[in-house]
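Q:
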Amino acid sequence: MKIYKPLLVLLVALFAFSSFVPLPNDRKKLLVRKWKPVKMEVNGKLEEEGSDDEADMEFKADGKIFSEGEKVGSWKLKSDNKSLVIYIDDDGESATMTIEKLTKKVLVLAITRGSDSAKMYFTAL
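Count along the sequence shown from 1, then add 7; that gives the number in this note's numbering.
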């Protein structure tokens, strides 16, 4: 019986942990909503707060991104389910961002280019 007890504890812990980790489809579903920018850090320093009318971003299920009712780009979740690729319509550029946190109410994206890094915080609307 002593051998089975540690195994049982391990299985219960794995099951409990797995219920808190979003599955790939869940991550896509969590992204599909309207997000309001809250704050931004650049190279570890909090940027000056912007105005209250900063544009919201809406991720659509079909992979499009809208802001203020207009399509501004598209998005794709990479197969690792931790990287989000955003394609900008205006200039044709793309950026790969790391999803640091994703819940129904909070989105935190990070990007690094060379020696510069930025972290953007959003709340769901």
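Note that the Cβ used here is the ideal one computed from N, Cα and C, for glycine as well. Treat the numbers as computed from the prediction; the structure is a model and nothing was measured.
Decide if the region 84–94 is in contact with the region 104–112; the criterion is three or more beta carbon pairs, one per stretch, under 8 angstroms apart.
A: They touch, by the three-pair rule.
Q: Would you mind reading off the limits of the beta strand (DSSP E) that contains V39?
A: From DSSP, V39 is part of no beta strand (DSSP E); its letter is neither H nor E.
Q: Taking all protein chains shown into account, do 16 or more other C-beta atoms lie within 10 angstroms of the C-beta of I72, making it buried, or fewer, making it exposed?
A: Under this definition I72 is a buried residue.
Q: Which residue's Cα is closest to the Cα of S101: A68, V39, E65, I118?
A: Ranking A68, V39, E65, I118 by Cα distance to S101 puts I118 first.
Q: Answer yes or no: do L109 and K35 have a C-beta to C-beta separation smaller than 8 angstroms?
A: Cβ distance not < 8 angstroms, so L109 and K35 don't count as in contact.
Q: Is it right to say K126 is buried, meaning 16 or more other beta carbons lie within 10 angstroms of its own, or is it exposed?
A: The residue in question, K126, is buried, as its Cβ has 16 or more Cβ neighbours within 10 Å.
Q: Return yes when the Cβ of E54 is within less than 8 angstroms of the Cβ of M47, no when it is not.
A: Taking 8 angstroms as the Cβ cut-off, M47 and E54 qualify as a contacting pair.
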